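Per this note's numbering, residue 64 is the first one in the sequence shown, and the count goes up by one each step. Every residue gets a Cβ at the ideal spot worked out from N, C-alpha and C, and that includes glycine. Bear in mind that the values here come from a model prediction, so they are computed numbers and not experimental data. A quick write-up on the structure given underneath.
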Amino acid sequence: MAMLVLAWLHGLLGLPRMGRTLRFYFLDDLVNPIRWVLPAVMLFDGARTRNRMTAALIFALIIPTYYGYKVSRTAPMSNLTAGGYDTRARWRIGKQVGMHANSISMTCATGFWAAWALGSTRRNKWRFPMIALMLTFCFLGVGLCQSRAGYWAMLGVGGLFAVFLYRYLFLTFPIMLALIPIYFPGLMSRFSLGTNIETASGEVIEDEDVKSAGRSLFWPIIIEDIWTSPVLGHGRRAIFTRPTRGQISAAIGSCPEHPHNAYLEQLHDGGIVTLAITLTLFLSAMGIGMRLCLDRSDPLYRAVGGACLAAVATLMIMSYSGQSLFPKENNQITWYFMALALRAWVERAKGPMAFADGSQQGMPFYGTPHRAPQNQLSFSPPCR
């Protein structure tokens with residue numbers, strides 16, 4: 064947050080060239096990012112019992128499940144079962160759901176693997192139908208949005224889960240990859256967009272402009288401008304305040320609001336310093352998630368750690384072609400799962416805690432219920 068404030072202050076110097084009022088710049092680039100982080104702070108402070116942690120995980124997963132449901136009602140199922148790229152459906156998704164299709168795909172990809180991790184918690188009568196519903200709508204959300212970055216995120220996070228959590232995925236992945244072209248050819252046609260293009264002369268080529276959706280035309284312009292101030296950057300919304308705005312408009316006809324690469328955005332706005340601090344934050348969160356995943360003392364550790372690992376890994380994979388590492392609406396679920404994992408990590412490190420009121424009987428923060436001995440209320444799992 065400190066780096067966000069510094070980048071915002073740095074961007075004030077270029078506000079006249081940005082074409083925005085001070086009020087709009089203040090609300091959109093300073094107040095709104097803080098607004099998306101505050102719920103995560105509340106989750107970190109409030110999820111201090113097992114029931115609260117479980118409820119927080121479930122309610123956080125309602126977000127991608129709802130997005131997947133809305134997408135399934137908006138886009139035709141033929142986008143999965145037939146080939147082709149439906150630009151009109153993606154436009155309708157953004158119009159009716161209220162967020163870009165790529166951002167919805169990131170949220171649903173996070174929700175899919177987070178729900179998969181939640182499925183490892185204690186079994187009861189409502190767990191299977193709830194998890195099945197979440198997985199179904201999240202899968203539909205990723206597939207129908209037709210985001211190639213979302214597809215790569217699904218595969219990448221699935222690989223991480225196969226290594227750290229569920230080894231059986233090594234067996235199921237080849238089967239799934241073999242069945243997808245048969246039952247969901249629309250996914251494969253989106254993957255291969257820009258490849259195997261036949262010219263008028265019959266030559267088969269690959270169109271880098273189509274494959275990168277025009278990014279290859281303006282990324283070199285952004286990178287060249289980054290080198291003019293590589294350490295501290297040029298302030299927030301540098302793509303609007305620098306000469307790159309005119310150069311990009313001349314190259315592709317208009318200038319986007321961000322470089323369609325979160326890492327380039329960090330370097331352009333805040334330089335190497337901001338990118339290094341941001342990557343340290345997210346890589347530390349991934350490390351906490353992995354450590355929780357490897358803790359076999361309680362299934363809820365694995366669920367919380369898996370959700371954090373899925374959220375951060377999905378964001379970092381999809382940041383290559385878009386998104387933002389600054390707090391925004393499209394990555395809010397990442398901050399929620401990071402906060403829950405940090406709370407689990409803190410409580411896990413505390414061990415047994417003594418309370419002044421000896422009349423309280425205990426239930427561990429994670430683990431099966433048991434009576435606390437004498438005046439202690441244990442927050443750590445019982446010995447097995």
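**Request:** Would you mind working out which of 378, 294 and 322 sits nearest residue 301, comparing C-alpha positions?
**Result:** Comparing Cα positions, the closest option is 322.
**Asked** For the 8 Å Cβ check, are there 3 or more pairs between the stretch 156-169 and the stretch 221-228?
**Response** Touching, no, given that fewer than three Cβ pairs across the two stretches are closer than 8 Å.
**Message:** Using CA atoms only, rank isn't needed, just tell me which of 370, 388 and 295 is closest to residue 171.
**Reply:** Nearest of 370, 388 and 295 to residue 171, Cα basis: 370.
**Request:** Just tell me which of 309, 136, 202 and 329 has its CA closest to the CA of residue 296.
**Result:** The shortest C-alpha to C-alpha distance from residue 296 to any of 309, 136, 202 and 329 is the one to 329.
**Message:** Let me confirm a value: residue 154 is counted as buried when at least 16 other C-beta atoms fall within 10 Å, else exposed. Which label applies?
**Reply:** Answer is exposed; the Cβ neighbour count stays below 16.
**Asked** To the nearest angstrom, how far is it from the Cα of residue 143 to the Cα of residue 206?
**Response** Looking at the backbone, the Cα of residue 143 and that of residue 206 are separated by about 7 Å.
**Message:** Rounding to the nearest angstrom, what Cα-Cα distance links residue 239 and residue 359 in this structure?
**Reply:** Using only the alpha carbons, I get a separation of about 28 Å.
**Item:** residue 151 versus residue 355 - alpha carbon distance
**Value:** Rounded to the nearest whole angstrom, the C-alpha separation of residue 151 and residue 355 is 42 Å.
**Message:** Mapping the DSSP letters down to three states, classify residue 405 as helix, strand or coil.
**Reply:** The answer is helix: DSSP assigns residue 405 an H, G or I state.
**Item:** Rounded straight-line distance, which links the Cα of residue 177 to that of residue 324
**Value:** Residue 324 and residue 177: Cα-Cα distance of roughly 24 Å.
**Asked** Should residue 204 be labelled buried (16 or more other beta-carbon atoms within 10 Å of its own) or exposed?
**Response** Looking at its Cβ environment, which holds 16 or more other Cβ atoms inside 10 Å, residue 204 is buried.
**Prompt:** When the Cβ atoms of the stretch 309-319 are set against those of the stretch 337-350, are three or more pairs found closer than 8 Å?
**Reply:** By the C-beta criterion, the stretch 309-319 is judged not to be in contact with the stretch 337-350, since fewer than 3 inter-stretch pairs fall below 8 Å.
**Item:** 7 Å Cβ shell around residue 305 - same chain, five flanking residues per side excluded
**Value:** Closer than 7 Å at the Cβ level, and outside the excluded window around residue 305, lie 288 and 297.
**Request:** For residue 455, I'd like the list of residues in its chain whose CB is within less than 6 Å of its CB, leaving aside the five on either flank, ordered along the chain.
**Result:** Because the chain is modelled from 64 through 447, residue 455 falls outside the range shown and cannot be assessed.
**Prompt:** At what residues does the alpha helix (DSSP H) containing residue 196 begin and finish?
**Reply:** Residues 190-208.
**Message:** Comparing C-alpha positions only, which one of 71, 189 and 373 sits nearest to residue 400?
**Reply:** It is 373.
**Asked** With a Cβ-Cβ cutoff of 7 Å, do residue 460 and residue 299 count as a contact?
**Response** Not covered by the structure: residue 460. The range shown for the chain is 64 to 447.
**Message:** Quick check on this structure: which residue in 336, 332 and 285 has the alpha carbon closest to the alpha carbon of residue 311?
**Reply:** Relative to residue 311, the option among 336, 332 and 285 whose CA is nearest is 285.
**Message:** At the level of alpha carbons, what is the spacing between residue 174 and residue 220?
**Reply:** Just so you know, the alpha carbons of residue 174 and residue 220 end up roughly 11 Å apart.
**Message:** For residue 113, count the other beta carbons within 10 Å of its own beta carbon; 16 or more makes it buried, fewer makes it exposed. Which is it?
**Reply:** Here residue 113 is buried. Its C-beta has 16 or more other C-beta atoms within 10 Å.
**With 16 other Cβ atoms within 10 Å as the buried cut-off, status of residue 65** = With fewer than 16 other CB atoms across the displayed protein chains lying within 10 angstroms of its CB, residue 65 is exposed.
**Asked** Considering only the beta carbon of each residue, do residue 395 and residue 99 sit closer than 7 Å?
**Response** Yes. Within cutoff.
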